[in-house]
Amino acid sequence: MARPDPTPAVRDRNSRPVQPATHVDPAVPLPAVLDIVEAAALLGVGRTTAYKLVHDGQWPTPVLRLGRLIKIPTQPLLELLAGATREIA
């Protein structure tokens, strides 16, 4: 007999199950932009902290605001994680 999953299913607005964005699979290529929760998972910070950093202008990479959407370009985030530095002109 299968054991029940100990974690409750998180569902989106249409009642579809949603996987929490706590782990990014390195085998799957990343899209050009990430949402703030996915970017936060890559940095190892929580959702609330990520939104606060963006709101306070302290997010460490460029942020795209598209209406109410917040998107994070993937390449600068990966460069930050790799320890790459950019020249500031």
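Here my numbering runs 12 ahead of the position in the sequence shown, where the first position is 1. We put the CB at the ideal spot given by N, CA and C, even for glycine.
Quick check on DSSP: helix, strand or coil for Arg77? strand
CB-CB under 8 Å to Thr61, same chain, minus the five flanking residues each way: which ones, in chain order? Ala52
Closer than 7 Å by C-beta to Gly58: which residues in its own chain qualify, once you throw out the five before and the five after it? Chain order, please. Ala52
Please name the residue, chosen from Pro72, Asp47, Glu50, Ile84, that lies closest to Gly95 on a Cα-to-Cα basis. If we check each option's Cα against that of Gly95, Pro72 comes out closest.
According to DSSP, simplified to helix, strand and coil, what is Pro72? coil
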